[in-house]
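Residue numbers (the working numbering): 9 to 565. All C-beta atoms, glycine included, are put in the ideal place defined by N, C-alpha and C.
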Amino acid sequence: MPSTVWYRGQAIPRMDGESVLDALIRSGADVSFSCKKGSCQVCMLRASQGQPSPESQEGLRDSLRERNHFLPCQQRTAGDLWVERPQAEDLGVPVLVAAKDQLAPDVVRLRLDAGPNFRWLPGQFVNLRRQDGLVRSYSLASSEERDYFLDLHIRRYPDGEMSRWLCDEVEVGAELEVQGPHGRCHYRAQEPTRSLLLIGGGTGLGPLFGIVREALAQGHRGEIFLYHGARQRAGLYLDDELRDLAAQHANLHYCGCVSDEDDPGHPRGLVPDIALPRHPCLSGFRVFLAGSPEMVHATRYRVVQQGAARAFIHADPFETQHPHMPEDAATVAAIAPDPELWAALRDGDGLTEILSDFYNRVFVDPRLLPFFHNVTKQRVIEKQYEFLHQLFTGNDIYFGLRPFNAHHWMVISDELFDYREELMEDCMRRYGLAEHLIWRWNAIHERFRRDIVKASPRGIVEQGVERYLERFETMLLTVGSLCDGCGQVIAEGTTIRYHVRTGQIYCPACQAAPPQRGSLSLGGGSGCGRGGRSRRVLCRGRARPGGGAGDLAAAPG
9 MPSTVWYRGQ
19 AIPRMDGESV
29 LDALIRSGAD
39 VSFSCKKGSC
49 QVCMLRASQG
59 QPSPESQEGL
69 RDSLRERNHF
79 LPCQQRTAGD
89 LWVERPQAED
99 LGVPVLVAAK
109 DQLAPDVVRL
119 RLDAGPNFRW
129 LPGQFVNLRR
139 QDGLVRSYSL
149 ASSEERDYFL
159 DLHIRRYPDG
169 EMSRWLCDEV
179 EVGAELEVQG
189 PHGRCHYRAQ
199 EPTRSLLLIG
209 GGTGLGPLFG
219 IVREALAQGH
229 RGEIFLYHGA
239 RQRAGLYLDD
249 ELRDLAAQHA
259 NLHYCGCVSD
269 EDDPGHPRGL
279 VPDIALPRHP
289 CLSGFRVFLA
299 GSPEMVHATR
309 YRVVQQGAAR
319 AFIHADPFET
329 QHPHMPEDAA
339 TVAAIAPDPE
349 LWAALRDGDG
359 LTEILSDFYN
369 RVFVDPRLLP
379 FFHNVTKQRV
389 IEKQYEFLHQ
399 LFTGNDIYFG
409 LRPFNAHHWM
419 VISDELFDYR
429 EELMEDCMRR
439 YGLAEHLIWR
449 WNAIHERFRR
459 DIVKASPRGI
469 VEQGVERYLE
479 RFETMLLTVG
489 SLCDGCGQVI
499 AEGTTIRYHV
509 RTGQIYCPAC
519 QAAPPQRGSL
529 SLGGGSGCGR
539 GGRSRRVLCR
549 GRARPGGGAG
559 DLAAAPG
């Protein structure tokens, strides 16, 4: 049943099954969001009229639910809603600094008193807000049931405005404000026999420490493997405590790793390089990763390669202060050819079968189809085939945009990335590909996750410089063409508007149409869209490729 969401005086129609958040984004509304799967709660809104669904209020505090706050990314049921941004005073919870301890030369533990009504799980995170509006996310290392206080492990970064303030200036007794808790990186009590693998670097140990303690307190019977990495021995700031804990529990196995110095009793090396060879098959494991975005990304695709299911991988959702710059060319160069996989694909015939099956399903999938506007199925299959052929064989046959640039303007969540990958994985199994080869193929896709997943559009990056192309400009046509808005002929000598990224042009009678969607696949594009038809328009004496970016093929999203 069609429904409408009203936001800031605009009536926005919502398609069947479409989330309120997706409808708002599609309309160009000014809304905040991040994970789009109900974990971060960044997108939270309040319904001034209409009733949000129970699913959209799951995980919110009672006080927020009572005032009709909800998560628009989870609101998919039909029904009209009048929505507005929440008030800042509704979101924050005042907390007192109850204790401040130095765990390492550059690591401080803050213990915060949020009162008896604050509920959280170890491994979740809160957003800590300073009075001037500066906000940073910190994971929780403590348990509500056993510790009472919120424990945050904070590393002091020389250029970190928030971390320097918390470590150097905030004193016991100070009042702060937290928002949350958020996230699904926590222990599952209903899985008492599942093996757990936890890999953390630096203060990424905080949430993992909380998860381990919670699992043991809940009587977890499966094996628990915890690896913590630091540069120097001093960075293993809970080493003694974890050794004692492991001595008390036969199913807990702890290993501290040091990368930059030799230390008796601790293996030297990067923590994933120590941990992963010890667990060559991770099928059935639940995996928790925490630490720097670089470490988490580099470890994530390796655990996928070793059989860990995406639904069982949990990682910090935080991003660095500075935007990630693509390294997809280096990523492509680092992927070694896989003769065994290529042979199993019958030298390409099987790849065509899998891609045909996959895109037959994509082109009728309501979540993925909007990314393929104005592009033919055959064109997408061809570009995807070329890109994967090059990765699997090492033959340099692909010419197109790399994954980051192909998707630079697309807002793609981790959830949508995983959704696409689950569909592709099912096609691999329908073909009959062996499990270990599926894991290796999945890991190749996983390498591009960081270049694809994002909460807001990015510019295109060329030679290390990011340029934003999401804009319109005007030009004088020196030859006639067709309007991408109404389809009518535009005579030469007409001043037209064109979209810099898509190349679409509009006659004076047309309003600028929203930029078209591009395809969601694994390579790059050739810049020829509109169902594969190419066009060249002479503008002020220069040749311009037209037709948009509808055949952009890129890494899975």
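{"Item": "Test item: CB-CB of Phe425 and Val372 under 8 Å", "Value": "no"}
{"Item": "Ser150 and Asp159 closer than 8 Å at C-beta", "Value": "yes"}
{"Item": "8 Å Cβ shell around Asp268 - same chain, five flanking residues per side excluded", "Value": "Arg239, Gln240"}
{"Item": "Three CB pairs or more closer than 8 Å across the stretch 78 to 85 and the stretch 93 to 113", "Value": "no"}
{"Item": "Closest Cα partner of Cys518 within the set Pro124, Ala499, Gly501, Gly495", "Value": "Gly495"}
{"Item": "Neighbour-count burial assignment, Asn450, 16 or more Cβ in a 10 Å radius", "Value": "buried"}
{"Item": "Distance CB(His332)-CB(Arg192) smaller than 8 Å", "Value": "no"}
{"Item": "Identity of the residues DSSP links to Tyr262 by a beta bridge", "Value": "Leu234"}
{"Item": "One or two residues paired with Asp422 in a DSSP bridge", "Value": "Paired residue(s): none; Asp422 is not in a bridge."}
{"Item": "Classification of Tyr165 by the beta-carbon crowding that lies within 10 angstroms, buried from 16 upward", "Value": "exposed"}
{"Item": "Alpha carbon of Leu359 to alpha carbon of Gly408, nearest angstrom", "Value": "19 Å"}
{"Item": "C-beta atoms of Val115 and Ile162 nearer than 8 Å", "Value": "yes"}
{"Item": "Spatial distance of Leu129 from Arg154 (CA atoms)", "Value": "11 Å"}
{"Item": "Validate contact between the stretch 431 to 441 and the stretch 388 to 400 using beta carbons, cut 8 Å, 3 pairs", "Value": "no"}
{"Item": "Alpha helix (DSSP H) runs contained entirely in the stretch 201 to 229, provided each spans 4 or more residues", "Value": "213 to 225"}
{"Item": "Endpoints, alpha helix (DSSP H) assigned at Lys108", "Value": "Not the alpha helix (DSSP H): Lys108 falls in the beta strand (DSSP E), residues 100 to 112."}
{"Item": "8 Å Cβ cutoff met for Gly58 and Gly17", "Value": "no"}
{"Item": "Complete runs of the beta strand (DSSP E) confined to the stretch 288 to 323 [at least 3 residues]", "Value": "294 to 298, 321 to 323"}
{"Item": "Leu234 beta carbon less than 8 Å from that of Leu216", "Value": "yes"}
{"Item": "Reduced DSSP category for Glu454 - H, G, I as helix; E, B as strand; rest coil", "Value": "helix"}
{"Item": "Same chain only: Cβ atoms within 7 Å of Leu142, ignoring 5 sequence neighbours per side", "Value": "Glu169, Met170"}
{"Item": "Among Ser47, Ala37, Trp14, Ser35, nearest to Ser56 - alpha-carbon criterion", "Value": "Trp14"}
{"Item": "Local Cβ density within 10 Å of Val487, reported as buried at 16 or more and exposed below that", "Value": "exposed"}
{"Item": "Buried versus exposed call for Met23 [16 or more other C-beta atoms within 10 Å across all chains shown]", "Value": "exposed"}
{"Item": "Coarse secondary structure for Trp1, derived from DSSP in three states", "Value": "Outside the displayed range of the chain (9 to 565) lies residue 1, so it cannot be described from this structure."}
{"Item": "Closest Cα partner of Gly209 within the set Leu297, Glu443, Arg127, Ile343", "Value": "Leu297"}
{"Item": "Segments assigned beta strand (DSSP E), at least 3 residues, entirely inside the stretch 32 to 82", "Value": "53 to 57"}
{"Item": "Rounded C-alpha distance that separates Cys51 from Asp247", "Value": "38 Å"}
{"Item": "For Ala338, the three-state DSSP class (helix, strand or coil)", "Value": "helix"}
{"Item": "Endpoints, the alpha helix (DSSP H) within which Gly358 is located", "Value": "357 to 370"}
{"Item": "Alpha-carbon to alpha-carbon, Val28 and Phe400", "Value": "40 Å"}
{"Item": "Segment contact flag, the stretch 279 to 287 with the stretch 309 to 319, C-beta cutoff 8 Å, min 3 pairs", "Value": "yes"}
{"Item": "Closest Cα partner of Gly67 within the set Gln187, Pro124, Thr85, Thr12", "Value": "Gln187"}
{"Item": "Coil, strand or helix - Glu268 by DSSP", "Value": "In the sequence on display, residue 268 carries Asp and not Glu. Reduced to three states, the DSSP call for Asp268 is coil."}
{"Item": "Residues near Arg251 in its chain [Cβ-Cβ closer than 7 Å; skip 5 each side]", "Value": "Tyr262"}
{"Item": "Leu349 versus Asp336 - alpha carbon distance", "Value": "22 Å"}
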